[in-house]
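Residue numbers (UniProt numbering): 1 to 612.
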């Protein structure tokens, strides 16, 4: 078949499917893109020729920012259990470099996204072209090379003949649960438009089978021996539980063997909040219940977790516990010098469930008592007549029954991790691998595209909103309904508190004009974020009390349009950190608060373990 390289690419992507457990899914659900001279005559023309409507094989969606469209693809991929994603196309130069933050987010969170940036002329016939960054060391370098370290697979298609092998390699990585992340195919603009005679079998329907690796027998035997030696075990449930759809196996294992379950940000909701074995969030943003048990446990069973510093409280949380790490990726299974059980979470939990062993009854009862105590803390924190942030989150939690909450950065992820009552595995969607400001609205759009039957509640602070609000226009254009709760703290509330705690006096964390002395301590900026949201096409409701917030959320939920509920909470904190987080403090300072902070830091540092 004689087609351009871009036409061949589009035709190929439209015929790729993933399969797991007998269910097939379209691997590339569509293309998110912004066109410029580097991709309009190639991919743009190819999409126009095949038809880019929602009923066409590869529908096209117009994004407003290249970083945002990768966030949308990542949100969609996470919602679809990593079995389906979007391709993202951008022009050369700034369009391509704007992809970088999204690529990092996808790879860190182990989420498949396909990036298709335009590139400079492979023939070099017209160089340097508009927006080309010239490297005096080599003509074989473009800005797209900045995506190499952020991608799990990267290739540049300098000749049409290179496309088939690159496409097959890209699909393999996208569908490999141990390798997945951002995949980049850099496409020189002249090659995109170049015609070639393609073998017809390239465009045949192709199904990529997503495996469920089973535990290696010797490793399983070692894991069983370690389990049987434990009396006070604790499970740390990570995102891998959800990606492998292992929540039923997790619940059965925990119930049968009397093991309490703490949850990372990615794993929250793996058990319903009211499950008898659920002890809530773990780590720096964890609950008193989970963190107390973590300090006393003799065995930590990590299931699908990367053990970030928030989960381990910067390696101060788990006392003298040993680690058994179940993970589809050997890289993560080896962490904390744990016993490695490299396997799919569902397959591993089923195998471990056969063990004739149970935790001490006193340990199981203690976990139940601690969990009940924390539920009482949540009820107190979310009650009140003033609209503090914890009260607002409690009201949103009630309104979002059956829906999905989306968040990423600021002070809300910590409050959500501790306080949110997740009733099912898909209800909680907080991006905390990269904790990327600006993810919320764009990611929420991807969540809604991935689960159109669910109401999606996007929680976004004013700092994140000002970084990336423009995908509201995309949601309005596509008729994709979001409920966006915009929380205005007049600055960076989370970093403001952190700044104060390390003796940095909240510098640069409040939205204030310059004062008479030249510092940023003048009057608050006259921002009207609600008016800004309305200008992007959303309906806007304002809420200043708990009752008015409940009414606004009810109205927003009943609406068919994207609605922004603007909230300006009054000061009021919920329960704070239950464990430490290592943020270095100045070793010498003229500021007394910094010197005091350093003393506290040195004291906390003594509890760190090397995990050797």
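Virtual Cβ for every residue (Gly too), placed ideally from N, Cα, C.
{"query": "Can at least three beta-carbon pairs, one atom from the region 478–497 and one from the region 449–460, be found at a separation below 8 Å?", "result": "yes"}
{"query": "Is the beta carbon of residue 180 closer than 9 Å to that of residue 637?", "result": "Nothing about residue 637 can be read from this structure; the chain reaches only from 1 to 612."}
{"query": "Output the distance between the C-alpha atoms of residue 503 and residue 585, rounded to the nearest integer angstrom.", "result": "8 Å"}
{"query": "Per the DSSP calculation, residue 304 is bridged to which residue(s)?", "result": "Its beta-bridge partners do not exist; DSSP assigns none."}
{"query": "Assuming the contact rule is C-beta atoms closer than 8 Å, residue 407 and residue 416 should be a hit. Round their C-beta distance to whole Å, please.", "result": "6 Å"}
{"query": "Which residue's Cα is closest to the Cα of residue 93: 79, 287, 516, 66?", "result": "66"}
{"query": "Secondary structure at residue 318, three-state DSSP: helix, strand or coil?", "result": "coil"}
{"query": "Which same chain residues, not among the five before or five after residue 454, have their C-beta less than 6 Å away from its C-beta?", "result": "403, 404"}
{"query": "Do residue 302 and residue 335 count as a contact pair if the criterion is CB distance below 9 Å?", "result": "yes"}
{"query": "Which of helix, strand or coil does DSSP assign to residue 543?", "result": "strand"}
{"query": "Run the CB neighbour count on residue 253, radius 10 Å, all protein chains shown included, and call it buried at 16 or more, exposed below.", "result": "buried"}
{"query": "Provide the residue span of the alpha helix (DSSP H) that contains residue 171, from first to last.", "result": "163–174"}
{"query": "Could you tell me whether the Cβ atoms of residue 129 and residue 37 are closer together than 9 Å?", "result": "yes"}
{"query": "May I have the straight-line CA-CA distance separating residue 575 from residue 611, to the nearest angstrom?", "result": "29 Å"}
{"query": "Skipping 5 residues on each side, what residues in its chain have a beta carbon closer than 6 Å to that of residue 177?", "result": "328"}
{"query": "Compare the beta carbon distance of residue 551 and residue 538 with 9 Å and say whether it is the shorter of the two.", "result": "no"}
{"query": "Does the separation of the CB atoms of residue 400 and residue 427 fall below 9 Å?", "result": "yes"}
{"query": "My understanding is that residue 347 touches residue 212, with C-beta atoms under 8 Å, so please give their C-beta distance in whole angstroms.", "result": "5 Å"}
{"query": "Between which two residues does the alpha helix (DSSP H) carrying residue 37 extend?", "result": "Counting along the chain, residue 37 falls outside any alpha helix (DSSP H), and DSSP gives it neither H nor E."}
{"query": "Spatial neighbours of residue 193 within its chain, please: C-beta separation below 6 Å, excluding the five flanking residues on both sides.", "result": "4, 41, 42"}
{"query": "Taking the alpha carbon of residue 312 as the point to measure from, which residue in 2, 13, 608 has its own alpha carbon closest?", "result": "608"}
{"query": "Taking DSSP as the reference, what is the three-state secondary structure of residue 453?", "result": "coil"}
{"query": "Round the Cβ separation of residue 493 and residue 410 to the nearest angstrom and send it over; I've been treating them as touching at under 8 Å.", "result": "6 Å"}
{"query": "Return the bridge partner residues of residue 60 from the DSSP annotation.", "result": "31"}
{"query": "Kindly provide the ranges of any beta strand (DSSP E) runs that are 3 or more residues long and lie completely inside the region 317–362, ordered along the chain.", "result": "322–327, 339–342"}
{"query": "Under a three-way DSSP split, which group does residue 258 fall into?", "result": "coil"}
{"query": "Taking the CB atoms as reference points, tell me whether residue 442 and residue 69 lie closer together than 9 Å.", "result": "yes"}
{"query": "Could you tell me which of 24, 32, 356 sits nearest to residue 228, measuring between CA atoms?", "result": "356"}
{"query": "Any contact between the region 17–29 and the region 81–97? By contact I mean 3 or more CB pairs, one from each, below 8 Å.", "result": "yes"}
{"query": "Quick one: give me the first and last residue of the alpha helix (DSSP H) that residue 397 is part of.", "result": "389–399"}
{"query": "Can you tell me whether residue 477 is buried or exposed, with buried defined as 16 or more other CB within 10 angstroms of its CB?", "result": "exposed"}
{"query": "Specify, as a first and last residue, the run of the alpha helix (DSSP H) that residue 76 falls within.", "result": "66–79"}
{"query": "For the beta strand (DSSP E) containing residue 155, list its first residue and its last residue.", "result": "153–156"}
{"query": "Considering Cα atoms alone, identify which of 244, 367, 606, 581 is closest to residue 279.", "result": "367"}
{"query": "Count the other C-beta atoms from every protein chain shown that fall within 10 angstroms of the C-beta of residue 666, then say buried if there are 16 or more, exposed otherwise.", "result": "Here the chain has residues from 1 to 612 only, and residue 666 is not among them."}
{"query": "Among 60, 34, 21, which has the Cα closest to the Cα of residue 10?", "result": "60"}
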